[in-house]
Amino acid sequence: GIPVYCILGDKQARALSEHFSHGILNLNFGTTSSLSLDIGSKLIVREGFLSNVQFSTSSSYHYFIEGLVNSTGALLEWLAKKRQSKHLLQDMESAYRACASQSLPIFYFPLRGIGSPFWQYDLPSIATQLPKPNTDVFLASCVEHIAFSISSLILQLRATAGIPSIELLQVSGGLSEITTLVQLISNITKLPCKVHLTASSALGAARAYELHHQAGKENRLQSPPEVFPKAHGELQDRFDTWKVMEKALLDRTHSQFSVIPL
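Using this note's numbering, you'd call the opening residue of the sequence shown number 145 and step up by one each time.
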């Protein structure tokens with residue numbers, strides 16, 4: 145028979161694919177946008193976040209803490225249908241590059257789903273202004289909203305008591321192809337970023353096997369960051385406005401904003 149040395153989920157495999165050490169926050173863009181951080185051998189439970197086993201042996205456990213932005217995949221699907229686009233990611237990249245110098249409307253699509261500290265199930269999507277859904281301006285504002293959503297969650301995690309310090313953001317999944325999106329997240333969070341390998345899950349499975357035979361040893365990052373934060377005062381001002389919109393939604397005082405029909 146074939147021996148089975150490890151069983152792990154796709155998310156754990158991606159997290160293990162290049163590292164097994166503190167200080168590296170993993171962001172994967174899939175059906176959800178998932179943030180996971182290695183927290184070591186002591187389980188930490190915090191309201192608004194999920195805690196799970198990252199890796200275990202017969203004698204020890206390693207845990208990670210996770211935050212989710214569940215609206216990302218749904219937003220992409222909605223945009224693809226609205227634009228009838230087969231190349232949505234490329235469209236989003238080019239739209240943001242073309243429109244970033246304009247005064248874009250600011251969007252807020254609620255973070256629906258468990259594992260988000262801001263979740264409420266019945267919040268509407270709102271905007272400072274409402275352009276037509278099939279325009280590049282609308283698409284560019286969606287790129288910025290995704291960056292703000294992820295950045296807000298990262299900042300919330302960093303401010304959570306007992307969480308290890310975060311030194312680097314490791315990004316994988318479809319939306320990581322949008323280089324401007326990764327740069328926006330880096331600018332807001334002040335974290336350097338590394339875009340991950342495409343075959344990260346397969347590599348993670350191999351690393352899990354390695355860890356099974358070398359328990360307690362760490363796999364350090366093998367290549368340097370690729371994206372570094374840049375100072376951008378206007379972006380920070382827009383992010384601050386986005387946070388005001390978030391608070392207005394949670395307080396049910398958002399009547400001054402336009403509702404986005406979905």
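Backbone N, C-alpha and C fix where the C-beta goes; we use that ideal spot for every residue, glycine too. In this text the structure is predicted, and so the values were computed from the model without any measurement.
Query: Proximity to R241 [Cα-Cα], best of L194, C286, G174, M389; Result: C286
Query: Whole-angstrom distance between S180 and A392, CA atom to CA atom; Result: 28 Å
Query: Whole-angstrom distance between F282 and L379, CA atom to CA atom; Result: 17 Å
Query: CB of E311 within 9 Å of CB of G167, strictly; Result: yes
Query: Residue closest to C337, alpha-carbon to alpha-carbon, out of S269, I298, R382; Result: I298
Query: Endpoints, the alpha helix (DSSP H) within which G174 is located; Result: It is not in any alpha helix (DSSP H) - G174 carries neither H nor E in the DSSP assignment.
Query: Whole-number beta carbon distance between S320 and V371, since they are thought to touch under 8 Å; Result: In fact, because the Cβ distance is near 10 Å, the residues do not count as touching under 8 Å.
Query: Nearest candidate by alpha-carbon position, reference F173, set A303, H340, V197; Result: H340
Query: Inter-stretch contact at 8 Å, needing at least 3 Cβ pairs: the region 188-203 / the region 223-231; Result: no
Query: Strand pairing of V403, partner residues [DSSP]; Result: I270
Query: Buried or exposed by the 16-neighbour rule on C-beta atoms within 10 Å, applied to N170; Result: buried
Query: Straight-line gap, R382 to I250 (C-alpha atoms, nearest Å); Result: 7 Å
Query: Beta-carbon gap between S295 and T333 smaller than 9 Å; Result: yes
Query: E237 and L325 closer than 9 Å at C-beta; Result: yes
Query: L219 vs H289 beta-carbon contact at 9 Å; Result: yes
Query: Closest Cα partner of T304 within the set I183, Q327, S316; Result: I183
Query: Alpha-carbon to alpha-carbon, F208 and Q314; Result: 15 Å
Query: Bridge partner(s) assigned by DSSP for Q228; Result: Paired residue(s): none; Q228 is not in a bridge.
Query: Proximity winner among T272, F253, Q273, relative to Q264 (alpha-carbon distances); Result: F253
Query: Residues of its chain near T175, where Cβ-Cβ distance is below 7 Å and the 5 sequence neighbours each way are ignored; Result: G217
Query: Identity of the residues DSSP links to H206 by a beta bridge; Result: F199
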